[in-house]
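A.B. asks:
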Amino acid sequence: MVEVIVIHKWKDDQKDAVMKFATTVMDMAKTKKLPAGLKLEELFLGEKENSAVCKWNVDSLDHLMETAKSLKPTWDIQAMEVDQKFKKGLF
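For the record, in the sequence shown the residue sitting at position 30 is 30 according to the working numbering, with numbers rising by one throughout.
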C-alpha cells in the first residue's frame, strides 16, 4: 500500500459537480463501498480557494486514478505518491 495525496482545483462553474463528486466519494468511504485497495484517509476542502486535498492509502496510484476517471471529473486533478516525514506526536 502507498500513501497518495490528490489535489483538486476547479473553476467557480464546476463547484456543483465537485461537491457532488466529493459527497459520492465520502459516502462510499463511510459505507465501505470504495473499490478494494482504495482507502480515503482524509479530505480537506478549501471552498474559498476552489481546491481540495485528499489523502489516500491505496494499492497503486494508477488504480486510484482509473477509479477517479470513471466518475468523470471535469476539473484539474493532480496526484502523487508521498512518504510522511513528520507527524506531531511521533517525535
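Ideal Cβ placement from N, Cα and C applies to all residues, glycine included.
Near I7, what residues of its chain come up, given a Cβ to Cβ distance below 6 Å and the 5 sequence neighbours on each side ignored?
C.D. replies: The answer, listed in chain order, is V53, Q78.
A.B. asks: How about L61 and F21: are their beta carbons less than 8 Å apart?
C.D. replies: Not closer than 8 Å, so no.
A.B. asks: Taking the straight line between their C-alpha atoms, what separation do you get for D76 and K9?
C.D. replies: Those two C-alpha atoms are separated by around 5 Å.
A.B. asks: Output the boundary residues of the alpha helix (DSSP H) element that contains F21.
C.D. replies: Taken as a continuous stretch (DSSP letters only), the alpha helix (DSSP H) holding F21 covers 15 to 30.
A.B. asks: Comparing alpha-carbon positions, which option in F44, D16, L38 lies nearest E66?
C.D. replies: For the residues F44, D16, L38, the minimum Cα distance to E66 belongs to L38.
A.B. asks: Going by C-alpha distance, which of M28, T24, K11, T31 is nearest K48?
C.D. replies: Among M28, T24, K11, T31, the Cα nearest to that of K48 belongs to K11.
A.B. asks: Please classify A36 as buried or exposed, where buried requires at least 16 neighbouring CB atoms within 10 angstroms.
C.D. replies: A36 should be labelled exposed.
A.B. asks: Please determine, among N50, T23, G46, the residue with the shortest C-alpha to C-alpha distance to L40.
C.D. replies: Checked all of N50, T23, G46; the closest Cα to L40 is T23.
A.B. asks: Is there at least one non-hydrogen atom of the ligand SAH closer than 7 Å to the beta-carbon of L34?
C.D. replies: The ligand SAH is not part of this structure, which contains no ligands at all.
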